[in-house]
Amino acid sequence: MATSTKSKVDSNGRRSKSSATKSQHEALGLGKEQLLDMWYYMLLARSLDERMWLLNRQGKAPFVISCQGHEAIQIGVSFALERGKDWFLPYYRDLGVCLALGVTPRETMLQHFAKRDDPSSGGRQMPGHYGYKKYKIVTGSSPVATQFCHAVGVALASKLKGSDEVTVVSGGEGATSKGDWHEAMNLAGIHDLPVIFLIENNQYAISVPVPKQVAGGSVAARGVGYGMPGVEVDGTDVLAVYEVAREAARRARAGEGPTLIEAKTYRLTAHSSDDNDRTYRGREEIEIWRAKEPIPKFRQYLLDSGVATEEELGQIKQRIDGEVNDATDWAETQPVPSADDTLKHVFASPEEKAQWR
Amino acid sequence: MATSTKSKVDSNGRRSKSSATKSQHEALGLGKEQLLDMWYYMLLARSLDERMWLLNRQGKAPFVISCQGHEAIQIGVSFALERGKDWFLPYYRDLGVCLALGVTPRETMLQHFAKRDDPSSGGRQMPGHYGYKKYKIVTGSSPVATQFCHAVGVALASKLKGSDEVTVVSGGEGATSKGDWHEAMNLAGIHDLPVIFLIENNQYAISVPVPKQVAGGSVAARGVGYGMPGVEVDGTDVLAVYEVAREAARRARAGEGPTLIEAKTYRLTAHSSDDNDRTYRGREEIEIWRAKEPIPKFRQYLLDSGVATEEELGQIKQRIDGEVNDATDWAETQPVPSADDTLKHVFASPEEKAQWR
Amino acid sequence: MAVKTMIEAIRDGLREEMERDERVFVMGEDVGPRGGVFGVTDGFFKQFGENRVIDAPLAESVIAGAAIGAAINGMRPVAEMQFADFSHPAMDQIMNEAAKIRYRSNGAFNVPMVVRMPYGGGIHGALYHSQSVEALYGHIPGLTVVIPSNPYDAKGLLKAAIRDPDPVIFLEHKGTYRLIRGEVPDGDYTVPLGKAAVVREGSHMTAIAYGMMLHHCLKAVEEMAGEGVEVEVVDVRTISPLDRETIVESVKKTGKALVVYEDNRSGGWGAEISASIAEAAIEYLDGPILRVTGPDVPAMPYNHAQEEFFMPNPEKILHAMRELAAY
Amino acid sequence: MAVKTMIEAIRDGLREEMERDERVFVMGEDVGPRGGVFGVTDGFFKQFGENRVIDAPLAESVIAGAAIGAAINGMRPVAEMQFADFSHPAMDQIMNEAAKIRYRSNGAFNVPMVVRMPYGGGIHGALYHSQSVEALYGHIPGLTVVIPSNPYDAKGLLKAAIRDPDPVIFLEHKGTYRLIRGEVPDGDYTVPLGKAAVVREGSHMTAIAYGMMLHHCLKAVEEMAGEGVEVEVVDVRTISPLDRETIVESVKKTGKALVVYEDNRSGGWGAEISASIAEAAIEYLDGPILRVTGPDVPAMPYNHAQEEFFMPNPEKILHAMRELAAY
Ligand SMILES: Cc1ncc(C[n+]2csc(CCOP(=O)(O)OP(=O)(O)O)c2C)c(N)n1
Ligand SMILES: Cc1ncc(C[n+]2csc(CCOP(=O)(O)OP(=O)(O)O)c2C)c(N)n1
Ligand SMILES: [Mg+2]
Ligand SMILES: [Mg+2]
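See the structure below:
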């Protein structure tokens with residue numbers, strides 16, 4: 000099959016866990032520091048997200064869209080990248096990615112409150128519409144799947160410039176139904192572009208479940224049709240995600256071409272603060288997935304494998320609580336955007352034009 | 000794999016020819032009459048097409064787009080359908096399909112000359128933009144691949160109405176790069192719609208060859224990603240095409256869902272009368288494919304298998320020449336469209352509205 | 000007659016048409032068990048079942064394109080774009096296919112489908128949940144584009160759209176969904192496509208608007224009346240084909256025209272309204288044809304201050320009316 | 000200075016920019032060995048190689064979308080839509096993404112890309128190889144939309160477009176490609192974006208047009224001169240942002256305005272031109288603002304009689320000019 004010649008990754012999905020002899024992280028060559036870093040970002044993402052819901056219920060922010068349930072995917076992939084070198088084109092659930100790539104809690108809360116100094120859009124876009132030039136996180140929009148096309152363009156530019164940057168673009172499984180996803184996959188495959196298509200499959204597109212969304216039921220199975228590996232991975236296992244992402248990044252950097260990753264998890268919240276998920280899914284289903292969710296799972300791993308003690312984890316939790324409180328209190332007092340600026344940035348200003356090369 | 004459970008068709012393509020003991024047509028249960036019918040339509044399509052080029056060079060028709068090299072695909076598939084019951088959404092190369100489904104040489108020439116009484120568009124569209132309501136051939140446009148979406152809608156309606164109509168939609172391999180193809184394949188797969196996606200892979204999209212068009216190189220290999228069989232077949236062998244199309248039609252009628260067929264052939268002419276293919280392909284390549292092309296191949300089969308004599312084939316040729324001459328001479332003298340009708344048929348007329356239910 | 004909101008009137012109209020004609024079905028994202036993100040199809044999945052209330056995959060082009068095919072094969076699809084801002088991927092299917100099929104087939108084929116789209120801003124929807132798209136679709140001959148401003152028209156126009164033999168783009172201003180209420184008769188009636196309505200008589204100037212902007216105009220008009228200026232108000236109702244006659248007649252009577260629309264100013268649909276007046280009623284005009292519109296920025300920001308700056312409102316309209324009255 | 004056709008001038012401008020700046024590359028269907036279906040990139044594949052002259056798969060949305068991404072990553076893509084009629088599948092990428100990226104990121108990101116599209120009819124291209132799309136793209140703030148009418152402007156405007164930090168839609172009328180010739184300096188020069196040009200002075204009326212229609216106007220204008228009516232002619236050149244100043248100034252001087260465009264009448268770009276005049280120069284007008292346009296039918300038929308009926312031409316323009324002059 001087209002992919003087998005191109006990759007060591009079993010392209011019909013289902014990877015077996017790493018060898019049983021060594022522990023999972025040892026097999027991956029990860030040490031305590033990296034594991035606790037991963038834990039820090041996973042928990043930070045979850046904690047900021049929970050705070051956003053609280054603020055929403057308090058009427059302090061009209062909208063939230065959540066990363067809860069996606070943290071293992073987002074942190075696992077981010078840790079496989081070179082910060083400041085590689086590109087990321089996120090979608091609205093990728094708070095974890097943004098944090099791991101450098102966005103601060105304060106910057107996050109500036110966006111949540113739509114404040115003037117929000118670096119993603121100056122309060123022009125809804126929360127969750129990330130974009131941070133200094134971290135090479137490309138601005139995203141609401142129309143689903145457009146980012147896949149941008150990503151292959153970013154990767155094409157890297158190839159034309161002879162740079163070994165890697166580009167990662169993410170979206171939900173619903174996004175794979177869009178023509179843009181297909182057109183981007185095809186162009187990436189034709190030119191062996193250094194891009195990773197990360198599909199965060201959380202079982203629903205708002206209310207539409209996978210059987211009504213993805214013909215055949217498997218996103219990963221579509222990789223072969225584009226001559227690229229399609230890898231399915233347990234999206235609640237941060238180390239499993241890290242492993243496949245690292246291999247995908249290696250392939251991309253080595254010029255071996257794109258990889259499709261389908262990371263399976265579950266959306267633990269309603270689609271957004273505007274949604275009521277009781278109309279379309281049962282509470283039992285949610286409970287089943289809660290039992291498998293990424294945060295307690297990784298916490299348990301850290302303890303069982305002896306990497307960290309309850310006490311160490313407690314200190315991290317404390318640190319995070321402090322940062323979340325600080326970010327909230329600080330951002331809340333920051334200035335809001337001014338009406339006078341509404342007409343700015345339609346086109347480059349005369350000054351910007353003068354400097355443009 | 001998703002498809003294996005759903006179909007007896009080997010979904011990774013490459014089908015072996017029918018059993019060697021019986022002759023190919025016997026194995027398919029086809030008799031002399033049907034075979035000579037097939038031959039008649041293949042040769043009629045080729046002869047009309049050649050005449051169109053002649054008329055174009057004579058300055059009598061500004062545009063031609065050709066079916067040459069596609070006849071075996073078009074006739075093979077058409078013969079697997081129930082005329083007057085099944086739907087066809089063709090593309091601009093499907094002259095052979097239209098003829099086999101009932102369009103007459105005279106109707107064909109009315110379109111070629113853009114005459115007033117052209118049943119496809121009254122001279123409003125370019126030649127090759129077929130559409131004949133009475134034959135359930137749906138009007139097509141120039142934008143590539145839009146017809147795939149219409150086809151799944153036609154098939155969805157058949158399913159909602161509980162009818163066992165089958166819908167076939169065709170396009171070139173270039174058309175599979177469009178988002179519309181993907182969105183249509185996915186919807187068809189989700190609802191197991193009675194539709195056949197026929198891809199007439201002639202190696203080029205104007206000047207762009209398959210390696211720059213189809214990531215992975217195989218259209219058929221994409222079927223599995225949508226949970227449907229993807230069948231590759233020799234598009235120069237009318238009986239091989241008939242066999243896979245018949246099975247696909249059976250599946251569709253039996254409610255077993257859609258099938259993707261990739262029929263491989265070669266475009267024997269330039270893309271159209273506006274193209275100059277010397278800029279992008281060598282003459283040798285064309286010669287290699289000419290040796291395999293469908294018309295002489297089937298002619299030889301009919302003679303070798305003893306189905307027909309030179310004399311019988313000669314009579315068919317004579318009949319066709321007569322029909323082509325008649326159609327040309329007759330159509331040339333028919334009235335042209337009138338400027339006064341330019342504003343007609345933007346919306347239903349008051350009379351049409353009054354009768355609309 | 001019961002008083003209903005826009006959303007209730009639209010729901011009633013759609014439900015009644017589905018009860019009347021089993022060829023009518025709805026298809027869109029989250030229209031099934033979820034009942035649509037605004038609740039227009041709330042309860043439909045239970046009442047009509049999954050064959051007539053189809054949750055589509057996240058793919059606007061095939062939602063529109065499959066509706067075209069189903070219409071050609073005898074059905075009466077009502078497709079929903081979750082937000083007008085997300086209809087762009089379907090523009091090829093709507094503009095190049097649905098709009099042109101009758102014409103290109105010389106009348107042999109036609110496409111009896113309706114595409115519903117919530118549009119418009121002022122609801123903190125930001126750049127991609129606030130757009131106005133009537134100028135884009137209104138420019139395409141072969142499409143009928145409708146924007147109801149009140150519940151009575153919404154129900155009657157939707158029924159007329161579903162029964163029309165050609166494609167209709169049915170735009171619903173999100174701001175009116177729950178805010179605008181009005182009397183709606185139970186049971187069947189239609190409001191004709193292609194006809195504007197004079198919703199208030201006046202002799203000193205004509206204000207032309209549709210959707211949410213109509214209500215802002217009516218507020219401003221009350222103020223003007225207090226100042227002794229009687230403004231005639233025309234509700235366009237059908238964007239395209241445009242009812243020029245009603246608009247021009249009114250302007251000939253009042254001698255002054257103000258066009259109000261929420262969309263970006265340049266090339267907005269009000270430009271066509273203004274141009275039509277300048278072509279047909281120039282010698283009746285005692286002043287410029289003014290426009291109150293959204294600014295020429297890509298779209299509406301999320302934050303309150305900039306969203307408010309973007310949106311036309313009664314104050315801005317009042318300001319223009321005073322300027323025009325003083326002219 | 001050498002006399003060149005439009006197509007030669009566009010080819011020269013594009014080649015010179017690629018020679019000047021290695022970040023510039025072209026991507027589109029058949030732009031490689033084939034040199035483009037109209038030959039604009041003829042010889043480029045040989046000169047610049049497959050990395051800078053990229054034959055894209057048949058997928059307009061990713062052609063535009065990948066150009067956006069490449070622009071964000073430091074390149075200067077020039078994407079080609081084979082025909083403007085096929086740009087609809089890319090409208091989401093062009094209108095919702097390229098046009099809005101600077102604004103939505105509050106100035107952090109920008110998209111220095113050009114999208115070239117052959118447009119317009121009168122060449123037996125039928126419904127789908129004849130369309131005008133300037134009204135659709137012109138309506139989207141964040142996009143600069145350009146239509147050159149002569150070889151000098153074509154080369155200079157294309158260079159300016161490629162050097163602009165924001166997305167530019169560059170529309171080339173197919174009818175002008177080989178028909179319109181003019182003097183073009185060798186070597187580097189630019190023509191500023193956003194500026195219309197008075198290409199003929201006159202005192203009795205102003206005709207406003209662009210692209211192929213400008214040449215039809217100029218023909219009619221000669222006739223009118225013979226009849227003692229001096230028509231001032233404005234070449235719009237940049238559709239959006241529209242240079243209202245030049246247009247309004249001219250109309251204030253002449254007192255009469257005729258707007259000519261090939262696109263469908265309702266909601267065509269000329270409607271914005273007309274509305275801008277009606278807003279800013281009403282008291283200078285001695286007559287209606289007339290429009291000569293394509294009719295409101297879905298698109299241009301293939302057969303000669305109906306194509307001719309659709310296309311504005313010098314005779315139709317002359318007819319309107321006489322009507323306006325007599326007013
Ligand atoms: C083109 C487009 N259509 C519809 C929407 C409305 N919408 C926003 S998110 C969403 C569901 C996305 O599902 P999925 O891709 O699985 O991502 P998830 O939210 O589940 O992570 C929809 C339909 C949109 N934003 N863009
Ligand atoms: C959306 C769109 N883009 C571009 C074109 C121009 N065009 C017409 S045919 C064609 C090539 C089609 O190739 P393929 O699908 O392989 O069909 P073939 O002509 O080879 O049978 C192109 C690019 C078009 N008609 N529509
Ligand atoms: Mg999802
Ligand atoms: Mg082909």
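Residue numbers (numbering that gives the first Met the number 0), protein chains in the order written: chain A, 0 to 356; chain B, 0 to 356; chain C, 0 to 326; chain D, 0 to 326. Just so you know, even glycine gets a beta-carbon here, dropped at the ideal spot from N, CA and C. In this text, all values refer to a predicted model and were calculated from it rather than measured experimentally.
Per the DSSP secondary-structure output, Ile6/D pairs with nothing in a beta bridge.
One finds nothing in chain B with a Cβ atom closer than 7 Å to the Cβ of Asp328/A; even the nearest lies about 46 Å away.
The Cβ-Cβ distance between Ala71/B and Gly224/B does not fall below 8 Å. Between Asn302/C and Pro336/A, the C-beta gap is smaller than 8 Å, which places the two residues in contact.
The beta carbons of Pro193/A and Ala251/A sit about 4 Å from each other, so the pair counts as a contact at 8 Å. By the beta-carbon neighbour count (other beta carbons within 10 angstroms, threshold 16), Ser202/C is exposed.
Set against 7 Å, the gap from the CB of Leu57/D to the closest heavy atom of ligand 2 is smaller. Each of Val258/D, Ser86/D and Tyr151/D was checked against the Cα of Ser129/D, and the nearest Cα belongs to Ser86/D. Ligand 4 approaches Glu172/B closely enough that one of its heavy atoms is under 7 Å from the residue's Cβ. For Lys99/C, the closest Cβ of chain B is nearer than 8 Å.
Contact of Ala270/D with chain C is assigned, a C-beta pair being separated by under 8 Å. Taking a Cβ-Cβ threshold of 7 Å, the residues of chain D close to Val296/C are Tyr102 and Pro140, in chain order. Membership of Met211/D in the alpha helix (DSSP H) is indicated by the continuous run Met211 to Gly225.
When CB distances to chain A are screened at a threshold of 7 Å, the residues of the segment 40 to 67 of chain C falling below it are Asp54, Pro56, Leu57, Ala58 and Ser60, in chain order. For Ile189/A, the residues of chain D that pass the 7 Å Cβ criterion are Pro56, in the order they occur in the chain. With three or more CB-CB distances shorter than 8 Å, the segment 178 to 195 of chain B counts as touching the segment 58 to 76 of chain C. At least one beta carbon of chain D lies nearer than 8 Å to the beta carbon of Gln124/A. Contacts with chain A at 8 Å (Cβ-Cβ) do not include Val153/B. Put simply, the CB of Glu182/B is near chain A, with a gap under 8 Å to one of its CB atoms.
Taking a beta-carbon distance threshold of 8 Å, Ala174/B counts as an interface residue toward chain D.
Restricting attention to alpha helix (DSSP H) runs no shorter than 4 residues, the segment 114 to 141 of chain C encloses them at 133 to 137, ordered along the chain. Taking the beta carbon of Cys97/A as reference, no residue of chain D falls within 8 Å; the closest one sits roughly 14 Å away.
Secondary structure at Tyr131/B: strand, using DSSP grouped into helix, strand and coil. No heavy atom of ligand 1 is found nearer than 7 Å to the CB of Phe47/C. Using a Cβ-Cβ cut-off of 8 Å, Ala160/D does not count as an interface residue toward chain A, since no Cβ of chain A sits closer than that to its own. Chain order gives the chain B residues near Gly31/D as Ser206, Val207, Lys211 and Tyr279, where near means a beta carbon separation below 9 Å. Sequence-distant Cβ neighbours of Lys59/B in its own chain, meaning closer than 6 Å and more than five residues away, do not exist here. Inter-segment contact for the segment 190 to 207 of chain C and the segment 20 to 36 of chain C is absent: fewer than three beta-carbon pairs are separated by less than 8 Å. Residues of chain A whose Cβ lies closer than 7 Å to the Cβ of Ala206/D do not exist, since the nearest Cβ in that chain is about 29 Å away. With a threshold of 8 Å between beta carbons, Asn263/C makes contact with chain D.
Look at Trp180/A here: in three-state DSSP terms it is helix. Shown here, Met299/D sits in coil according to DSSP, grouped into three states, outside any helix or strand. In the structure shown, the three-state DSSP call for Pro208/A is strand. The C-alpha of Asn263/C is placed about 33 Å away from the C-alpha of Met5/D. Cβ contact annotation for Asn312/C (same chain, cutoff 7 Å, sequence separation greater than five): His215, in chain order.
Neighbourhood of Leu135/C in chain A, by CB distance below 8 Å: empty, with the nearest CB roughly 15 Å away.
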